[in-house]
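Novice:
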Amino acid sequence: MLYDKDIREPLFDYLEERFGKTRMFEEKIIGRSRADILMLTETQIIGLEIKSDADTYERLKRQIRDYNKYCDENYVVIGKSHEKHIEEHIPQEWGVLTVAVEGDRIRIEEKRPSMANPKMKKELQITLMWRPELQRLLEINHLPKYKQKSKRFVQQKLLEKMDYERLKPQMCQELFERDYTLWGEEDREGKEL
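With the working numbering applied, the sequence shown closes on residue 211, and no number is skipped along the way.
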């Protein structure tokens, strides 16, 4: 039986090999759920929910709603015990990665590819950006600085003034450059980054 802790390291190796330049965020709160993994590529945020052999589908419906609000694509990563029934529990655009033990190693295989998530909300996705990153986006796009305005106001202005297809890769670039040792600082110190 495979547990979550057995899956993560081989999964990261698989994802890096498959997607190239990536950044992984583990246990990030999105909506009312805790995302197992948010993977950043140069152009996308991809959600990965792990359902090991020891897990149930109890919270999956809510998790799917939350992942769908924030992620461009999504995968469920499953142990072999879930292989027969997982597709009954996930939307058709969600991909499925299976994890199995083969001898002394763990093998990951794509059972079903993911597709573009039609429910992603750009007004929620941009909330993943910190204030300094939003300011840099304003600057590189030659927009007013809105220094006295709220973070929410700045997010809305970026969405109003820019084509999201152009803004999205810039957001991904900012997230790649972020100092991840500060991740969660805004929660601990109560300040708005």
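The beta-carbon is built from N, C-alpha and C at its ideal position, and this holds for glycine as well. In this text the structure is predicted, and so the values were computed from the model without any measurement.
Quick one: using the 10 Å Cβ neighbour count with 16 as the cut-off for buried, is M19 buried or exposed?
Specialist: Within the sequence shown, residue 19 is the residue found at index 1, counting from 1. Classification of M19: exposed, given that the 10 Å Cβ count is below 16.
Novice: Please classify A134 as buried or exposed, where buried requires at least 16 neighbouring CB atoms within 10 angstroms.
Specialist: Along the sequence shown, read from residue 1 onward, the residue named residue 134 stands at position 116. Exposed is the call here.
Novice: Using DSSP's beta-bridge definition, name the partner residues of I55.
Specialist: Walking along the sequence shown from the start, residue 55 turns up at place 37. Paired residues: E44, L66.
Novice: Taking the alpha-carbon positions, what's the A72 to K163 distance?
Specialist: For the purposes of this step, residue 72 is taken as the residue at position 54 of the sequence shown. For the purposes of this step, residue 163 is taken as the residue at position 145 of the sequence shown. Near 49 angstroms, if we compare the C-alpha coordinates of K163 and A72.
Novice: Determine whether the beta carbon atoms of E151 and R196 lie at a separation below 9 angstroms.
Specialist: For the purposes of this step, residue 151 is identified with residue 133 of the sequence shown, where counting begins at 1. For the purposes of this step, residue 196 is identified with residue 178 of the sequence shown, where counting begins at 1. In this structure, R196 lies closer than 9 angstroms to E151 by Cβ.
Novice: In this structure, does DSSP put T145 in helix, strand or coil?
Specialist: Reading the sequence shown from its first residue, position 127 is the one you call residue 145. T145: helix per DSSP, three-state reduction.
Novice: Based on the DSSP secondary-structure assignment, which residues constitute the bridge partners of K134?
Specialist: Position 116 of the sequence shown, counted from the first residue, corresponds to residue 134. With the sequence shown as reference, residue 134 is identified as Ala, and Lys is not the correct amino acid for it. Paired residue(s): none; A134 is not in a bridge.
Novice: Answer with yes or no whether the minimum CB distance from T74 to chain D is below 9 angstroms.
Specialist: Among the chains in the structure shown there is no chain D, since it carries only a single protein chain.
Novice: Compute the beta-carbon to beta-carbon distance between I63 and Q143, rounded to the nearest angstrom, for a pair I have assumed lies under 8 angstroms.
Specialist: Position 45 of the sequence shown, counted from the start, is the residue given in the question as residue 63. Position 125 of the sequence shown, counted from the start, is the residue given in the question as residue 143. Sure, about 7 angstroms apart at Cβ, within 8 angstroms.
Novice: Roughly how many whole angstroms lie between the Cα atoms of K79 and Q188?
Specialist: Here residue 79 refers to the residue found at position 61 when the sequence shown is read from its first residue. Here residue 188 refers to the residue found at position 170 when the sequence shown is read from its first residue. One C-alpha to the other measures close to 31 angstroms.
Novice: Starting from N92 and walking both ways along the beta strand (DSSP E), at which residues does that stretch end?
Specialist: Position 74 of the sequence shown, counting from 1, holds the residue named residue 92. 91 to 97 is the extent of the beta strand (DSSP E) around N92.
Novice: Give every residue of the same chain whose Cβ lies closer than 6 angstroms to the Cβ of E67, excluding the five residues on either side of it in the sequence, and list them in chain order.
Specialist: Numbered from 1 along the sequence shown, position 49 holds the residue referred to as residue 67. Answer for E67: D54, Q81, V94, listed in chain order.
Novice: Mapping DSSP to helix, strand and coil, what is E127?
Specialist: Translated into positions along the sequence shown, residue 127 becomes position 109. Looking at E127 - three-state DSSP - the assignment turns out to be strand.
Novice: Are the CB atoms of I48 and Y85 within a distance shorter than 9 angstroms?
Specialist: By one-based count along the sequence shown, residue 85 stands at place 67. By one-based count along the sequence shown, residue 48 stands at place 30. Closer than 9 angstroms, so yes.
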